Structure formats: C-alpha cells, structure tokens
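Since the structure comes first, as structure tokens, the remarks are kept for the end.
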Amino acid sequence: MACRNVTVHNLSKVVRYFSQKTAEQESKFVSKMGFLKGKPLYLDAQATTPLDPRVLDAMMPYLTYSYGNPHSRTHMYGWESEEAVETARQHISDLIGANSKEIIFTSGATESNNMAIKGIARFYGSKKRHIITTQTEHKCVLDSCRALTGEGFEITYLPVKSTGVISLDELNSAIRPDTALISIMAVNNEIGVIQPIKEIGNFIKIFKKIIFHQIIIRCFIIISDYL
22 MACRNVTVHN LSKVVRYFSQ KTAEQESKFV SKMGFLKGKP LYLDAQATTP
72 LDPRVLDAMM PYLTYSYGNP HSRTHMYGWE SEEAVETARQ HISDLIGANS
122 KEIIFTSGAT ESNNMAIKGI ARFYGSKKRH IITTQTEHKC VLDSCRALTG
172 EGFEITYLPV KSTGVISLDE LNSAIRPDTA LISIMAVNNE IGVIQPIKEI
222 GNFIKIFKKI IFHQIIIRCF IIISDYL
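Structure, rendered in structure tokens:
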C-alpha cells in the first residue's frame with residue numbers, strides 16, 4: 022500500500038509536469054505567431070488530433086507505475102501489462118467483428134501498411150505479380166508499391182472521379198488473373214473523401230484469392246457503417 026501511495030503521488034507530479042510543459046509550449050507558439058490576433062485555428066486534424074483526455078486517463082497508469090513489459094511473465098508488472106494489452110486486443114476485435122488472434126499491434130499505420138502490402142506481394146512471389154491501388158492513396162502505400170516495382174511487380178494506379186471516388190467499372194477492367202492485392206483507403210487523409218468500401222469489398226469477393234487492403238484509421242470508430 023505504501024508503494025502504491027508513492028506511485029499515486031508520483032502520478033500527480035507527472036500530470037502537473039505535463040500540464041506545465043504544455044502551457045509553456047503553447048505560450049512559445051503563440052509568441053512566434055505574434056502577428057496573429059488570438060490563437061490560430063487548428064485545421065490539420067487529418068494529420069493528427071489533440072490527445073483525447075479519456076485516452077490520457079486510460080494510458081497514464083501504464084506510463085507511470087504499471088510500466089512492465091507484457092512479455093515478462095515472471096512478475097506482477099508484466100502480468101498487469103499483458104492483461105491490459107489482451108483486453109485492448111479483445112476490444113478492437115469486438116469492434117470490427119474479428120477474432121482477437123487476428124489483431125496484430127505495430128508501431129503505427131505506416132509500419133502496418135508496409136508490412137501488409139510488401140508481405141502479401143512477397144507471399145505470392147512469382148505466382149501473382151500485379152497490384153491495384155489508386156492515384157490518391159497515402160504516401161506510405163504509394164512508396165511501398167514503388168518499392169515493389171523494383172522487385173518486378175506491376176502496379177495499376179486507378180484514377181478517381183471529380184468527387185475523389187473510384188469507378189467500379191475501372192476497377193473491374195484493371196483486375197487480372199495475376200492480381201494479388203487491391204489497396205484502397207477508406208477515408209482519404211488529405212481531402213476526407215469516403216470510398217464505398219462495402220461495395221468495393223463485395224465486388225472483390227467475386228474474384229477468388231485477391232486480398233483487399235484498406236486504411237481505416239480515419240473511420241475506425243464508425244467502421245461498422247462502412248463494412
């Protein structure tokens with residue numbers, strides 16, 4: 022109990038520290054932008070958003086006193102962290118209708134996209150050498166596809182309509198017997214266009230053994246509306 026009281030005290034110090042640092046950084050930013058009246062309006066939420074206070078509350082224990090490695094199974098700190106990770110894994114799988122064993126945590130979306138696109142392509146190897154994506158995909162997807170061209174893969178970049186949405190007819194025309202992967206993001210990170218993911222997915226199901234890769238980080242909470 023004494024140990025836990027100490028950690029709670031330390032937690033309060035951490036919260037005060039972050040609050041102070043945040044205020045200092047905000048003050049410096051405002052002083053640099055002194056030619057503007059008041060604080061500038063933030064309009065780059067597609068790039069990143071402020072941390073939700075609920076997320077901070079949920080994560081603070083694991084950033085302060087429950088900091089064990091979840092793979093350390095010989096002490097309490099590891100057990101606590103492992104339980105938290107597995108609980109989060111189950112929550113995510115329930116949200117998207119998947120099995121918890123199918124949820125793999127990475128460092129972020131860029132690593133996940135690289136792993137998925139390059140991994141699927143190399144899995145098929147010489148059997149299937151064709152990938153379909155769009156001209157307006159996220160940079161990490163385009164970079165992964167560009168890297169795969171150096172390994173002999175052929176990439177088809179679908180154009181989009183004036184609304185930013187792809188044409189299912191053009192997608193149909195692009196599919197070939199050696200198509201291994203179709204990568205189309207659900208919500209565009211630059212212009213916010215929502216692709217008809219459910220319709221695209223149902224269409225792709227007609228073709229056997231073509232994997233459909235999506236980026237859903239901008240619609241994750243409401244993903245059931247699109248699947």
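Here the numbering used here runs 21 ahead of the position in the sequence shown, where the first position is 1.
All residues carry an ideal CB built from backbone N, CA and C; glycine is no exception.
The model shown is predicted, which means the values in this text are computed figures rather than measured ones.
Per DSSP, which residues does residue 179 bridge with? Please list them. 155
I need the straight-line Cα distance from residue 45 to residue 101, nearest angstrom please. 34 Å
Just how far apart, CA to CA, sit residue 113 and residue 174? 33 Å
Restricting to Cα atoms, I'd like to know which of 198, 203, 161 is closest to residue 178. When each option's Cα is compared against that of residue 178, the closest is 203.
Can you grab the Cα-Cα spacing for the pair residue 183 / residue 151, in whole Å? Roughly 26 Å separates the two Cα atoms.
I believe residue 232 touches residue 141 by the beta-carbon criterion, under 8 Å. Please report the beta-carbon distance rounded to the nearest angstrom. Between residue 232 and residue 141 the beta-carbon gap is near 5 Å, inside 8 Å, which marks them as a contact.
State the Cα-Cα distance for the pair residue 154 and residue 125, rounded to the nearest angstrom. 23 Å
Taking the alpha-carbon positions, what's the residue 77 to residue 91 distance? 20 Å
According to DSSP, is residue 85 part of a helix, a strand, or is it coil? Residue 85: helix per DSSP, three-state reduction.
Looking only at its chain, what residues have a beta carbon closer than 8 Å to the beta carbon of residue 3, apart from the 5 residues adjacent to it on each side? The structure shown does not extend to residue 3, since the chain is modelled only from 22 to 248, so the question has no answer here.
Would DSSP call residue 204 helix, strand or coil? strand
Three-state class that DSSP yields for residue 233 in the structure shown: strand
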